[in-house]
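The block underneath contains the structure these notes are about, expressed in structure tokens.
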Amino acid sequence: MTTTADTTAENADGANAADTEIVPAGVAAGWGLGTLATATMINAPTAALLYFLVTLVKLDPLVVGSLIFVGKVIDVLTDPPIGALSDRTRSPLGRRRPWLLGSSFACGISFALLFNVPELSATGTYLFISFALAVFAISYTGFQVPYMAMPAEMTTDFHQRTKIMSWRVLFMSIGNVAGGGAFAAVAKNLGGERGDYGEAAIYFGAFITLVMLATFFLTSRVRQTKRPHDADEVPLRQHIDWLLINKPLMILIGTKIAIYLGVFASLTTALFFFKSVLKLDENTFFMVFIVQTIVSILMLPVCNWLSRRIGKKPAYMISLGGFSLVATSWLLAGPGESLELLVLRAVLLGAFGAGAHLYGQSMLIDTFALDYQQTGRRREGVLSASFSFVEKACMALAPFIVGVLLSTLGFDKELDPTADQSASAVFAIQLGFIGIPVFCQLACIFLLQFYTLNESDLVEASKK
0 MTTTADTTAE
10 NADGANAADT
20 EIVPAGVAAG
30 WGLGTLATAT
40 MINAPTAALL
50 YFLVTLVKLD
60 PLVVGSLIFV
70 GKVIDVLTDP
80 PIGALSDRTR
90 SPLGRRRPWL
100 LGSSFACGIS
110 FALLFNVPEL
120 SATGTYLFIS
130 FALAVFAISY
140 TGFQVPYMAM
150 PAEMTTDFHQ
160 RTKIMSWRVL
170 FMSIGNVAGG
180 GAFAAVAKNL
190 GGERGDYGEA
200 AIYFGAFITL
210 VMLATFFLTS
220 RVRQTKRPHD
230 ADEVPLRQHI
240 DWLLINKPLM
250 ILIGTKIAIY
260 LGVFASLTTA
270 LFFFKSVLKL
280 DENTFFMVFI
290 VQTIVSILML
300 PVCNWLSRRI
310 GKKPAYMISL
320 GGFSLVATSW
330 LLAGPGESLE
340 LLVLRAVLLG
350 AFGAGAHLYG
360 QSMLIDTFAL
370 DYQQTGRRRE
380 GVLSASFSFV
390 EKACMALAPF
400 IVGVLLSTLG
410 FDKELDPTAD
420 QSASAVFAIQ
430 LGFIGIPVFC
440 QLACIFLLQF
450 YTLNESDLVE
460 ASKK
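Residues 0 to 463 (numbering that gives the first Met the number 0) make up the sequence shown, in order.
Shown next, in the form of structure tokens:
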């Protein structure tokens, strides 16, 4: 495998025989491990922060949703400059890895801040939350954007990218459990009160930092490309023009808007749905996440096989369609839902969700390769920032939309979390947990009709 020292001696175009080498499993796994930290870092606040601030800190859901939205806007606005700075970074550690190292500690500390809200006046509380969200956003961007630029530099092989992304999906699945389910369950078992969420956040913040540091050390052998000095002078308008001519990338950005808006709306509303609608506790919520994750991991080899047999796009559409059908069945669920039905849904959602995550990630890296062939420039940081921009915009919109729905349709924050809410409040929860995600998945399937990039296209483009 080419080392950092080797790659600094490459030609400016970054293309040589090492581009097509098979990426060793240890190298791919070392990179993929970082997703365990980022998925935990993102999913825990997405699943629990609105719930925590509304039901335990007793803040207005509309105001909290608005603050989360503003925090994510800060996150979004920092993506392009950090992506560009990452592209321009030159160090003995390469372009990306210094960012991984520097962001590791900030990410863990900022995560802990979110759930350790001191007893202040209403204004003081809102100011503290705003500050914590801003620090959290900048820290996450500092790690995520350079991190997601790395796979496009590791190989140009069409199927090796799916292999690399399989490791990402594996660790993403575990991170989804850790952030989406385990965090709330740990807080519940510590006592379930305001201070218990803060204690759990300290433990999870330390975990995030340790995993990010491990990723930094385990990626020392990851192949990296060297960017030409004249690439620094490309104006922003030119970068945008290059993005617009990459039609497959623009289509995938559209699908990602749909996917992430639905995913984050569902995750933001999940605890409300389980406690207020199903009358189940955090431990059952965690159990559903565990089952769904185990199935997702077991399905990854099947997903790899299916994409090679029928193609990434058809496999992606099958996964999205199946996931939508199963998600719609939550409309039939209510108090007293049997454990068997909960497990069955988790199994099916895990099976279809594995493909939905894997194929989208793999196809995205294919469009990065097409960009290099179209422009002759190494712009992985800028492209990663563009994708991260979309992801975070959806992460901003989803809690805001859910907060508006809960506030407008009468969710009563003063009631016990498992108390009966009004019919309109239950409808708001169902919209966030079921309606928005299903609509977004179907929109994604529609957009994929226009995606045409395949392996032969990339091979042909590389010859021009």
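Built from N, CA and C at the ideal position, the CB exists for glycine as well.
Under 8 Å between C-beta atoms of residue i and residue j
i, j, result
"A49", "V401", "Rather than Ala, the amino acid found at residue 49 in this sequence is Leu. Contact flag set, yes."
"L340", "F170", "no"
"I108", "G204", "yes"
"S165", "S295", "no"
"T267", "P97", "no"
"K187", "E336", "no"
"S318", "R344", "no"
"L42", "G174", "Sequence inspection shows Asn at residue 42; the Leu mentioned does not correspond to that position. It is a contact, given that the beta carbons lie within the stated cut-off."
"K278", "P334", "yes"
"I289", "P150", "no"
"A36", "I207", "yes"
"F285", "A184", "yes"
"M316", "I444", "yes"
"L405", "A424", "yes"
"K274", "P416", "yes"
"G82", "V381", "yes"
"T374", "W241", "yes"
Supposed close pair residue i, residue j - CB separation, criterion 8 Å
i, j, result
"G253", "L126", "Contact flag wrong, Cβ pair sits at about 37 Å."
"A136", "L113", "Their Cβ separation, rounded to whole angstroms, is 11 Å, which puts A136 and L113 out of contact at 8 Å."
"G178", "A46", "7 Å"
"V26", "Q159", "The Cβ separation is near 11 Å, so there is no contact."
"I128", "L189", "Actually they are not in contact, since the Cβ atoms of I128 and L189 sit about 21 Å apart, beyond 8 Å."
"A395", "V75", "7 Å"
"P80", "K412", "Not a contact, Cβ separation roughly 37 Å."
Spatial neighbours of residue i in its chain, beta-carbon cut-off 6 Å, leaving aside the 5 residues before and after
i, result
"L348", "Q291 and V325"
"Y528", "Absent from the structure is residue 528, since the part of the chain shown begins at 0 and ends at 463."
"Q448", "none"
"A4", "With a pLDDT of only 35 at A4, under the threshold of 50, the placement of this residue in the model should not be trusted, and no figure is reported."
"G321", "F351"
"G29", "L217 and T218"
Own chain, CB closer than 7 Å to residue i, minus 5 neighbours either side, in chain order
i, result
"S323", "V437, Q440 and L441"
"T407", "none"
"R167", "G31, T34 and Q360"
"F272", "I428 and F432"
"A264", "A397, I400, V401, G431, I435 and P436"
"L119", "F127"
Same chain only: Cβ atoms within 8 Å of residue i, ignoring 5 sequence neighbours per side
i, result
"V56", "V116, T124 and R193"
"L330", "Q429 and I433"
"D229", "Model confidence at D229 stands at a pLDDT of 47, short of 50, so the residue's coordinates are unreliable; what they give is reported in the following sentence. So the list is empty, once near-sequence residues are dropped."
"L99", "G33, F142, P145, Y146, M211, T214, F215 and T218"
"M298", "G349, A350, A353 and G354"
"L452", "P247, M362, D365, T366 and L369"
"L243", "M249"
"L338", "none"
"V269", "First, the residue type needs correcting, since residue 269 is Ala and not Val in the sequence shown. Excluding positions up to five away in sequence, the list reads A46, G179, F284 and F432."
is_contact[residue i, chain C] using C-beta, thresh 8 Å
i, result
"S120", "Included in the structure is just one protein chain, with no chain C present."
Of all the alpha helix (DSSP H) runs that stay within the bounds of the stretch 343-418, which reach a length of 4 or more residues? Here the runs fully enclosed are 379-407.
Please determine if the stretch 49-64 and the stretch 381-393 are in contact, where contact requires at least 3 C-beta pairs separated by less than 8 Å. Because the criterion of three Cβ pairs below 8 Å is not met, the stretch 49-64 and the stretch 381-393 do not touch.
Could you say if the stretch 99-117 and the stretch 127-146 meet the contact criterion of at least three C-beta pairs nearer than 8 Å? Yes, the stretch 99-117 is in contact with the stretch 127-146.
Does the stretch 114-124 come close enough to the stretch 68-88 to have 3 or more Cβ pairs within less than 8 Å? Counting C-beta pairs with one atom in each stretch, the stretch 114-124 and the stretch 68-88 have fewer than three that are closer than 8 Å, which means they do not touch.
Counting pairs of beta carbons, one from the stretch 296-304 and one from the stretch 349-368, are three or more of them closer than 8 Å? Touching, per the Cβ criterion.
Using a Cβ distance threshold of 8 Å, determine whether the stretch 420-433 contacts the stretch 305-321, with at least three qualifying pairs required. No, the stretch 420-433 does not touch the stretch 305-321.
With a floor of 3 residues, list each beta strand (DSSP E) that falls wholly inside the stretch 280-319, ordered by position along the chain. Correct list: empty.
Complete alpha helix (DSSP H) runs within the stretch 66-125 (minimum length 4 residues, chain order): You should have 96-114.
Could you tell me which uninterrupted alpha helix (DSSP H) segments, each at least 4 residues in length, are contained entirely in the stretch 194-279, listed from first to last along the chain? Those alpha helix (DSSP H) runs which fall completely within the stretch 194-279 and span 4+ residues are 235-244 and 246-271.
Which runs of the beta strand (DSSP E), 3 residues or longer, sit entirely within the stretch 152-180? Whole beta strand (DSSP E) segments, 3+ residues: zero.
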